[in-house]
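So the sequence lines, in the order shown, correspond to chains A and B. For the first sequence, counting from 1, position 91 maps to 90 in numbering that gives the first Met the number 0; every step adds exactly one. For the second sequence, counting from 1, position 32 maps to 31 in numbering that gives the first Met the number 0; every step adds exactly one. Heads up, the beta-carbon is just placed ideally off N, CA and C, and yes, glycines get one too. Here the structure is laid out as structure tokens; the discussion comes afterwards.
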Amino acid sequence: MADPVCYIKLNRNVELTEADVYIKDIGSIRCADKLVAAKVKSIKVHKFCSAGDSVEAGQETDTQGSGAQKKSAQDGGMPKHSASKSRESARAKGGKMPYEEKRCVVSILKIIELIEEACPGVTVESLGETEVLIERIKVDTHKGWQQALKAFFIAIISFCGTAFTIMAYHNDIGIADVFTRIHEIVMGSEPAGVSALEVAYSVGLSLGIIVFFNHVGGRRLTKDPTPIEVEMRKYETDVNNALVDTAEREGKTIDVE
Amino acid sequence: MWNSLKILLLILFGGSFGLLASAGVFTVLVAVGLIPRFAGKSHTAGQIVLYEEMVILGTVAGGLVSVFARYCHFGEWLVSRGISQAAVQTAGTAAVTFFGLFAGMFIGCLALAIAEMLDSIPIFSRRAGFRHGLGIAVCAMAAGKLCGSLWYFFMEIHEVVK
Numbered sequence: 000m001a002d003p004v005c006y007i008k009l010n011r012n013v014e015l016t017e018a019d020v021y022i023k024d025i026g027s028i029r030c031a032d033k034l035v036a037a038k039v040k041s042i043k044v045h046k047f048c049s050a051g052d053s054v055e056a057g058q059e060t061d062t063q064g065s066g067a068q069k070k071s072a073q074d075g076g077m078p079k080h081s082a083s084k085s086r087e088s089a090r091a092k093g094g095k096m097p098y099e100e101k102r103c104v105v106s107i108l109k110i111i112e113l114i115e116e117a118c119p120g121v122t123v124e125s126l127g128e129t130e131v132l133i134e135r136i137k138v139d140t141h142k143g144w145q146q147a148l149k150a151f152f153i154a155i156i157s158f159c160g161t162a163f164t165i166m167a168y169h170n171d172i173g174i175a176d177v178f179t180r181i182h183e184i185v186m187g188s189e190p191a192g193v194s195a196l197e198v199a200y201s202v203g204l205s206l207g208i209i210v211f212f213n214h215v216g217g218r219r220l221t222k223d224p225t226p227i228e229v230e231m232r233k234y235e236t237d238v239n240n241a242l243v244d245t246a247e248r249e250g251k252t253i254d255v256e
Numbered sequence: 000m001w002n003s004l005k006i007l008l009l010i011l012f013g014g015s016f017g018l019l020a021s022a023g024v025f026t027v028l029v030a031v032g033l034i035p036r037f038a039g040k041s042h043t044a045g046q047i048v049l050y051e052e053m054v055i056l057g058t059v060a061g062g063l064v065s066v067f068a069r070y071c072h073f074g075e076w077l078v079s080r081g082i083s084q085a086a087v088q089t090a091g092t093a094a095v096t097f098f099g100l101f102a103g104m105f106i107g108c109l110a111l112a113i114a115e116m117l118d119s120i121p122i123f124s125r126r127a128g129f130r131h132g133l134g135i136a137v138c139a140m141a142a143g144k145l146c147g148s149l150w151y152f153f154m155e156i157h158e159v160v161k
């Protein structure tokens, strides 16, 4: 059989709840040979340590490892696949993990190395990112009353803050004077009571925001994402890039030696 | 007839002022990316539509209160409806404290976000050549803002800027 080509597309950022990270978690795999694809998917990339874990114990469980790795290790000499540098430094101190490992950055080269070791002869083609940021999350931090409280808190800040911003803006431009003057110019007299200008301005203000934000009362006007959703994605990309770059600069990226 | 045409003109003016003013104010708010950062920090990105709704409601409320300021004497209205002065005073103080606290948080974030948009902190720290102590610098900045704000209100500096 000709050597199959294994296409791999890494994601930029993945969030996992499990301690063990397999290739199937961090990207998508396409290989004509189904067996190779399955084997590649179940290669273990990394194992997150919990605070206080004995490092030696961690290593033991690693070498017991995933079954796929063991079967595919034909030459017997299993190199330690998933040793991150932080764990190495912890072992150098001869102690336990000083902190809980929350995120790591894995380079595509490391993945290719792992795949080549597991399935010799396979050609790996990377189509996605060159680094993947793996974050370990706890399920319970993403649920419950704490989240609701936070959401409530931010909602209040958004409400009061923008109310204040628009008032400060109106104060800045001296909106009452401007409106009185325009009313005088158009109508030739000082406004008495509520003027049409003020009502129209308020309606225009709300319409403008609703068109700008593209939804009203939770219902979208068009299918486009709202500006804040777009900005959110941008912010996320920036944060991911910053984390990956920081890991690279500190030499903490899990890479080939 | 002539008069209603004039009123129509006023409505046209008001409507277009409002539309463009809100577009301008919100472009700034979105460009500094404050709310995405709130949502990101608190891991509540799922609630972003709620936050946007609150931004809309907040702006509309603030707009109404500041445009129709002469009709928004809620305290006087409550007293005229027969509620005791003391109760209105207490509730009003509580409401104003609540509003001020949260509005202040928003403005504090906005001020630093704008400063950050201009990269003032990275440039400053690079020029000054410090690697550690950024936290202290940020705390000092917050303390400076607090002192400056209190000074501004207690010394009535706003009376000077007229």
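Item, Value
"Candidates Gly17(B), Asn2(B) and Leu7(B): closest to Val202(A) by CA position", "Gly17(B)"
"Under 8 angstroms between C-beta atoms of Ile156(A) and Phe37(B)", "yes"
"Neighbour-count burial assignment, Ile42(A), 16 or more Cβ in a 10 Å radius", "buried"
"Ile133(A) (DSSP reduced to helix, strand or coil)", "strand"
"Start-to-end residues for the beta strand (DSSP E) that takes in Gly26(A)", "Gly26 to Cys30"
"Nearest-angstrom Cβ-Cβ length linking Ile55(B) and Ile208(A), presumed shorter than 8 angstroms", "5 angstroms"
"C-alpha gap between Ile28(A) and Leu113(A), whole angstroms", "14 angstroms"
"Cross-chain neighbours of Ile6(B) in chain A, by beta carbon under 7 angstroms", "Ala195"
"Coil, strand or helix - Ala91(A) by DSSP", "Reliability of the predicted coordinates at Ala91(A) is poor, the pLDDT of 42 falling under 50, and no value is obtained from them."
"Sequence-distant residues of the same chain with beta carbon closer than 8 angstroms to Leu108(A), five excluded per side", "Asp254 and Val255"
"Alpha carbon of Lys40(A) to alpha carbon of Thr26(B), nearest angstrom", "45 angstroms"
"Below-8 angstroms beta-carbon distance, Thr164(A) vs any chain B residue", "yes"
"Residues that Cys159(A) contacts on chain B, provided the C-beta gap is smaller than 7 angstroms", "Gly57, Phe98, Phe101, Ala102 and Phe105"
"Chain A contacts from the stretch 38-62 of chain B (Cβ-Cβ distance under 8 angstroms)", "Ala38, Gly39, Ser41, His42, Thr43, Ala44, Gln46, Ile47, Val48, Leu49, Tyr50, Glu51, Glu52, Met53, Val54, Ile55, Leu56, Gly57, Thr58, Val59, Ala60, Gly61 and Gly62"
"Chain B residues whose Cβ lies nearer than 7 angstroms to that of Tyr200(A)", "Gly13, Phe16, Gly17 and Val66"
"CB contact below 8 angstroms: Pro121(B) versus chain A", "no"
"Supposed close pair Gly13(B), Tyr200(A) - CB separation, criterion 8 angstroms", "4 angstroms"
"Reference Glu197(A), options Gly187(A), Ala246(A), Asp176(A) and Glu116(A), closest by Cα", "Asp176(A)"
"Reduced DSSP category for Glu249(A) - H, G, I as helix; E, B as strand; rest coil", "coil"
"Nearest-angstrom Cα separation, counted from Lys101(A) out to Ala94(B)", "41 angstroms"
"Beta-carbon proximity of Phe178(A) to Ser188(A), cut-off 8 angstroms", "no"
"Beta carbon proximity, Leu34(A) to chain B, threshold 8 angstroms", "no"
"Any C-beta of chain A under 8 angstroms from that of Gly91(B)", "no"
"Chain-order list of residues whose beta-carbon lies under 8 angstroms from that of Thr122(A) (same chain, five-residue window excluded)", "Asp2, Pro3, Val4 and Cys5"
"Val215(A) beta carbon less than 8 angstroms from that of Val131(A)", "no"
"Option in Glu247(A), Ser205(A), Ala150(A) and Lys46(A) with minimal Cα separation from Glu17(A)", "Lys46(A)"
"Span separating the alpha-carbon of Ile111(A) from that of Thr129(A)", "11 angstroms"
"Contact the stretch 41-55 of chain B vs the stretch 149-164 of chain A: 3+ CB pairs below 8 angstroms", "yes"
"Cβ-Cβ separation, Gly62(B) to Leu15(A) (assumed contact under 8 angstroms), whole Å", "At roughly 45 angstroms, the Cβ-Cβ gap does not stay under 8 angstroms, so Leu15(A) and Gly62(B) are not in contact."
"Where Cys48(A) sits in the DSSP three-state scheme", "coil"
"Contact under 8 angstroms by Cβ, Cys48(A) with Phe101(B)", "no"
"Counted within 10 angstroms of its Cβ, other Cβ atoms place Glu230(A) as buried (16 or more) or exposed", "buried"
"Run of the alpha helix (DSSP H) containing Cys126(A), from where it starts to where it stops", "The amino acid at residue 126(A) is misidentified as Cys; the sequence shows Leu. It is not in any alpha helix (DSSP H) - Leu126(A) carries neither H nor E in the DSSP assignment."
"Three-state secondary structure (DSSP) of Thr62(A)", "Model confidence at Thr62(A) stands at a pLDDT of 37, short of 50, so the residue's coordinates are unreliable; what they give is reported in the following sentence. Reduced to three states, the DSSP call for Thr62(A) is helix."
"Contact residues within the stretch 122-137 of chain A, judged by C-beta distance below 9 angstroms to chain B", "Ile136"
"Three-state secondary structure (DSSP) of Ile34(B)", "helix"
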